[in-house]
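A.B. asks: Those letters in the sequence shown? Residues 1 to 255, per full-length UniProt numbering, in order. Just so it is clear, CB atoms sit at the ideal spot from N, CA and C, and this is done for glycine as well. Here you go, one structure.
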Amino acid sequence: MGVVAAERIKLTSTRSPWWCAALVIVLGLGIGILMAVLSNDTEATQGTDPFILSATTATGGVSGFGVMIVMIMAALTVTTEYRFGVIRTTFQAIPNRAKVISVKAAVVAVVAAVVVAIAAFGAFFLAKGIAGSGPTIRMGLDEATWRVLYGVVLYAALAAVLAVAVGALLRQTAAAIALVVLWPLVIEQLFLLFGDIGKDIYVWLPFANINHFLSAHGSTTADFHWGPWGGLVYFVVFTAIVFAISLGLVNKRDA
């Protein structure tokens, strides 16, 4: 509990986590409202490919930009300590390095889950209230909708743990932030440009799988070998492997 208290104080005593949390909520709610307004646009909701307002589109700002900000915040909790040498003092006080990193990841994951839950549920119900009803409004509280809502929260917690692992592996702020931002937004998307071969590889990528889980009606980007729940399991296993590797290297390398 002493380690938990120490990590909680570190996280809440600096301004950047508070700014990150506020930005996640503002962006999440703002994009949710924008999607609701767009759903009332006659031009957008007509034609061969109409805009459909669903839980996935209403919370898109949270699952996209919000989780990305959470990952940056999580990576910074590790790289900042390495940058200023605070991690050495921490490891001297608590020689069990694996415990330090694990508790740090757990604390950040809880904070990320709470912030993203506020943003995701707030964005959904705001969009639902603004949009009303209609043929292109699919905001019913069915099983698929609930899976998207609590799935975004699970995704944020797992992404925070993954980002802490990346920060512990790289130990440099610029490199860690570049990786957690570019991997889901650019690197994985590039595989879709290489036809069927790229799509065959794409279904084995971690963020593609978690997005498959978050899609209310299943992914249409590629043909996955498993359903949405399989995508969640895949992302959990991937996160656990990367985190285990980071713990091993933290124990072997000098602080």
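(1) Cβ atoms of residue 210 and residue 192: under 8 Å apart, would you say?
(2) Roughly how many angstroms separate the alpha carbons of residue 78 and residue 132, rounded to a whole number?
(3) Pull up the distance between the alpha-carbon of residue 229 and that of residue 112, whole angstroms please.
(4) Comparing C-alpha positions only, which one of 94, 169, 145 sits nearest to residue 76?
(5) According to the neighbour-count rule (16 or more other Cβ atoms, all chains shown, within 10 Å of its Cβ), is residue 7 buried or exposed?
(6) Taking just the CA atoms, how far does residue 120 sit from residue 184?
(7) Check residue 13 in the structure and name its three-state DSSP category.
(8) Is the region 90-101 touching the region 172-184 in the sense that three or more CB pairs, one from each, lie closer than 8 Å?
(9) Can you round the beta-carbon distance between residue 153 and residue 107 to whole angstroms, since I take them to be within the 8 Å contact cut?
(10) Compute the Euclidean distance between the alpha carbons of residue 151 and residue 138, then round it to the nearest angstrom.
(11) For residue 138, which residues does DSSP report across the bridge?
(12) Cutting at 8 Å between CB atoms, please list the residues of its own chain near residue 69, excluding the five before and the five after it.
(13) Please name the residue in 247, 236, 252 whose C-alpha comes closest to that of residue 102.
(14) Have a look at residue 81 and residue 40 and give me their C-alpha separation to the nearest angstrom.
(15) Nearest-angstrom Cα distance between residue 110 and residue 240?
(16) Does the Cβ-Cβ distance between residue 251 and residue 105 come in under 8 Å?
(17) In the DSSP assignment, the alpha helix (DSSP H) including residue 83 goes from what residue to what residue?
(18) If the criterion is Cβ atoms closer than 8 Å, does the pair residue 162 and residue 188 meet it?
(19) Under the three-state reduction of DSSP, which class applies to residue 172: helix, strand or coil?
(20) Mapping the DSSP letters down to three states, classify residue 98 as helix, strand or coil.
C.D. replies: Taking the definition as stated:
(1) Contact check for residue 192 against residue 210 fails: the beta carbons are separated by 8 Å or more.
(2) Residue 78 and residue 132: Cα-Cα distance of roughly 44 Å.
(3) Going by C-alpha positions, residue 229 is about 21 Å away from residue 112.
(4) The shortest C-alpha separation from residue 76 is found at 169.
(5) Note on residue 7: 16 or more other CB atoms within 10 angstroms of its CB, so buried under the neighbour-count rule.
(6) Those two C-alpha atoms are separated by around 20 Å.
(7) DSSP places residue 13 in the coil class of the three-state scheme, outside both helix and strand.
(8) The region 172-184 is not in contact with the region 90-101.
(9) About 16 Å separates the two Cβ atoms, so there is no contact after all.
(10) Distance between the alpha carbons of residue 151 and residue 138: 18 Å.
(11) Per DSSP, 54.
(12) Excluding sequence neighbours, residue 69 sits near 20, 23, 24, 27.
(13) It is 247.
(14) Straight-line Cα distance between these residues: approximately 48 Å.
(15) Whole-angstrom Cα-Cα distance: 17 Å.
(16) Their beta carbons are not under 8 Å apart, which means residue 251 does not touch residue 105 by this criterion.
(17) Unbroken alpha helix (DSSP H) run through residue 83: 67-84.
(18) No, the pair does not count as a contact, with Cβ atoms beyond the cut-off.
(19) Three-state DSSP puts residue 172 in coil, outside helix and strand.
(20) In the three-state DSSP reduction, residue 98 falls in the helix class (H, G or I).
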